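Taking it in order: structure first as structure tokens, then the write-up.
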Amino acid sequence: DQQVKQNSPSLSVQEGRISILNCDYTNSMFDYFLWYKKYPAEGPTFLISISSIKDKNEDGRFTVFLNKSAKHLSLHIVPSQPGDSAVYFCAASSSGGSNYKLTFGKGTLLTVNP
Amino acid sequence: DAGVTQSPTHLIKTRGQQVTLRCSPKSGHDTVSWYQQALGQGPQFIFQYYEEEERQRGNFPDRFSGHQFPNYSSELNVNALLLGDSALYLCASSLQREELFYNEQFFGPGTRLTVL
Numbered sequence: 010d011q012q013v014k015q016n017s018p019s020l021s022v023q024e025g026r027i028s029i030l031n032c033d034y035t036n037s038m039f040d041y042f043l044w045y046k047k048y049p050a051e052g053p054t055f056l057i058s059i060s061s062i063k064d065k066n067e068d069g070r071f072t073v074f075l076n077k078s079a080k081h082l083s084l085h086i087v088p089s090q091p092g093d094s095a096v097y098f099c100a101a102s103s104s105g106g107s108n109y110k111l112t113f114g115k116g117t118l119l120t121v122n123p
Numbered sequence: 003d004a005g006v007t008q009s010p011t012h013l014i015k016t017r018g019q020q021v022t023l024r025c026s027p028k029s030g031h032d033t034v035s036w037y038q039q040a041l042g043q044g045p046q047f048i049f050q051y052y053e054e055e056e057r058q059r060g061n062f063p064d065r066f067s068g069h070q071f072p073n074y075s076s077e078l079n080v081n082a083l084l085l086g087d088s089a090l091y092l093c094a095s096s097l098q099r100e101e102l103f104y105n106e107q108f109f110g111p112g113t114r115l116t117v118l
């Protein structure tokens, strides 16, 4: 069973516009959420994270929103740039004994067109 | 400052063979996790090593085993390879700090394993 779901395999946006990537989770024990970006032939690189005690976290052009009641989070990229084109993975972790394991979604391929 | 390194980059094996993948963590890191990323899927947690012991394990059979050395580097061993073991194997390292809510994991570029 997939505990972290990214239902959009791909997303295409124009340079300068907003990119919104979505993620849903089912496990109520998850309390820390992360977004990773992955280029071909490279490992995933950490982008931004949010704890379940917050509903928003911002870092430059990247903002992550968390809706706990809906078990939904989203990543906003504004403005989008061609260099943002990559696969974006949503990941989740739970505190306590399981806080070392990341559970990933399948990823969304973002293409930013010049 | 070297990041996480993995070797080899690519590997081709046949069914039934055994394989060993290697990982050197980021300088200063003491914890190593291994993930399997099949084509079109997200990374799946295999296990994690800390203080040379397996601390947590995902839903993988005993054919998957590992080891951590005193210098914190790690190996992933897979026995009796199946076609379904073909995947990108990612190593991630982190520094265990109990005062932090979450210890960020840094990923290596992965080893691409093809089983024929």
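Residue numbers (the working numbering), protein chains in the order written: chain A, 10 to 123; chain B, 3 to 118. Every residue gets a Cβ at the ideal spot worked out from N, C-alpha and C, and that includes glycine. Small disclaimer: the values here were computed from a predicted structure and weren't measured.
Range of the contiguous beta strand (DSSP E) that encloses residue i
i, result
"Arg-65/B", "Element bounds for Arg-65/B: n/a, residue is neither H nor E."
"Thr-116/B", "113-117"
"Ala-94/B", "89-96"
"Gln-8/B", "7-9"
"Thr-16/B", "Unbroken run through Thr-16/B: none, as it is neither H nor E."
"Glu-54/B", "Taken as a continuous stretch (DSSP letters only), Glu-54/B belongs to no beta strand (DSSP E), as it is neither H nor E."
Min CB distance residue i to chain B below 8 Å
i, result
"Lys-110/A", "yes"
"Ser-83/A", "no"
"Met-38/A", "no"
"Thr-120/A", "no"
"Pro-49/A", "no"
Cβ-Cβ separation, residue j to residue i (assumed contact under 8 Å), whole Å
i, j, result
"Ile-48/B", "Leu-118/B", "With a Cβ gap of about 22 Å, Ile-48/B and Leu-118/B do not count as contacting."
Chain A within 8 Å of residue i, Cβ atoms only
i, result
"Ser-9/B", "no"
"Gln-43/B", "yes"
"Ser-67/B", "no"
"Gln-107/B", "yes"
"Gly-86/B", "no"
Distance cut-off 7 Å: residue i Cβ against heavy atoms of the ligand MN
i, result
"Val-117/B", "With respect to the ligand MN, the structure shown offers nothing to examine, as it has no ligands at all."
Residues near residue i by beta carbon distance below 6 Å, same chain, minus five either side
i, result
"Leu-23/B", "Leu-78, Tyr-91 and Thr-113"
Proximity of residue i and residue j at Cβ, strictly below 8 Å
i, j, result
"Gln-20/B", "Thr-33/B", "no"
"Ser-94/A", "Leu-56/A", "no"
"Asn-122/A", "Ser-19/A", "no"
"Val-6/B", "Gly-110/B", "yes"
Residues near residue i in its chain [Cβ-Cβ closer than 8 Å; skip 5 each side]
i, result
"Gly-114/A", "Gln-11, Val-13, Lys-14, Gln-15, Cys-32, Phe-98, Cys-99 and Ala-100"
"Leu-116/B", "According to the sequence provided, residue 116/B is Thr. The question's Leu does not apply to it. For Thr-116/B, where only same-chain residues beyond five positions count, the Cβ hits under 8 Å are His-12, Leu-13, Ile-14, Lys-15 and Ser-88."
Within-8 Å CB hit, residue i to chain D
i, result
"Val-80/B", "The structure shown has no chain D; the protein chains it does contain are A and B."
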